[in-house]
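*Asks:*
Residue numbers (full-length UniProt numbering): 1 to 272.
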């Protein structure tokens, strides 16, 4: 019998395992230990929709993420001939169980969720079927590279939330994401900054000392600064519009917008 998922096994661990396995497969790298953990965690996909369970921080983060994305999309509505928000097609990359995907669909966007993890996609589809009004929502179990190849310049926006810090190589992943974007489309990213404070608070305190999220969930060397992302995006003809700081209070598990982007940040860029 598979062991039950500890309440401490947070949402970031689930995403980390999903994407590590995805990239190991793409790179033909043997990852038997990671795959074993992957199988164990993904059998527990239903816990993603327990708002007081291990995914609680992700649920708490979703209103801020949704706000940032909707405000960014509205800011690009520069003319009367622009595509109405309800007609915009959005891709949620690494959608997991569909927490953010459903939130965006409820705001009227047409949205596709993509994840390489079949169990997560199964959970997302099952939860979406509980609400008959969610007709503007579809899920795809595939890698981002495969989806990007088959859906070139299809989407008005691509969302990459709490994923990029768990993928290697990051430039290959970003290339696949941007390939899906229409010219003039928006890319939204939330991730952790690579600073001393992010190491101290997000790794040492939150992870290693207080164990709010499991040890080894984050590897500080995989964090990426806003400047590094900006330079990546320039190579793919994307211009950063906004960078906004986020802070996670690990004792209350609440999120706040912050004047500093030293911890987490949200970034909005537009493809030329």
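All residues carry an ideal CB built from backbone N, CA and C; glycine is no exception.
Give the DSSP-derived three-state secondary structure of residue 95 in the structure shown.
*Replies:* Correct three-state label for residue 95: coil.
*Asks:* Could you say which of 207, 192, 202 and 257 lies nearest to residue 228 if we only look at CA atoms?
*Replies:* Nearest option by C-alpha distance: 192.
*Asks:* So the beta strand (DSSP E) residue 115 belongs to, where does it begin and stop?
*Replies:* Taken as a continuous stretch (DSSP letters only), the beta strand (DSSP E) holding residue 115 covers 110 to 115.
*Asks:* Sort 48, 73 and 74 by Cα distance to residue 95 and report the nearest one.
*Replies:* Considering only alpha carbons, the answer is 48.
*Asks:* Please state the DSSP three-state secondary structure of residue 213.
*Replies:* Three-state result, residue 213: coil.
*Asks:* In this structure, how does DSSP classify residue 191 when only helix, strand and coil are distinguished?
*Replies:* Here residue 191 sits in strand by DSSP.
*Asks:* Short check: CB of residue 153 to CB of residue 182, under 9 Å?
*Replies:* Taking 9 Å as the Cβ cut-off, residue 153 and residue 182 qualify as a contacting pair.
*Asks:* What is the residue span of the alpha helix (DSSP H) that residue 227 lies within?
*Replies:* Per DSSP, residue 227 belongs to the alpha helix (DSSP H) from 226 to 235.
*Asks:* Quick one: Cα of residue 99 to Cα of residue 51, how far?
*Replies:* Going from the Cα of residue 99 to the Cα of residue 51 covers about 10 Å.
*Asks:* Identify every residue that forms a DSSP beta bridge with residue 278.
*Replies:* Any answer about residue 278 is impossible in this case: the structure gives the chain only from 1 up to 272.
*Asks:* Of all the options 103, 244, 104 and 54, which has the alpha carbon lying nearest to the alpha carbon of residue 263?
*Replies:* The residue with the shortest Cα to Cα distance from residue 263 is 244.
*Asks:* Using only the alpha-carbon positions, how far apart do residue 76 and residue 209 sit?
*Replies:* About 43 Å.
*Asks:* Are at least three pairs of beta-carbons, each pair with one atom in the segment 198 to 217 and one in the segment 183 to 190, less than 8 Å apart?
*Replies:* Taking 8 Å as the limit for Cβ pairs, the verdict is that the segment 183 to 190 does not touch the segment 198 to 217.
*Asks:* Would you please state the rounded distance, in angstroms, between the beta carbons of residue 255 and residue 64? I believe it to be under 8 Å.
*Replies:* With 8 Å as the limit, residue 255 and residue 64 qualify as a contact, their Cβ atoms being about 5 Å apart.
*Asks:* Whole angstroms are fine: how far does the CA of residue 235 sit from the CA of residue 172?
*Replies:* About 12 Å.
*Asks:* Using the rule of at least 16 other Cβ atoms within 10 Å of the residue's Cβ for burial, across every protein chain shown, is residue 219 buried or exposed?
*Replies:* That one is exposed.
*Asks:* Under three-state DSSP, which class holds residue 263?
*Replies:* The answer is coil: DSSP assigns residue 263 none of H, G, I, E or B.
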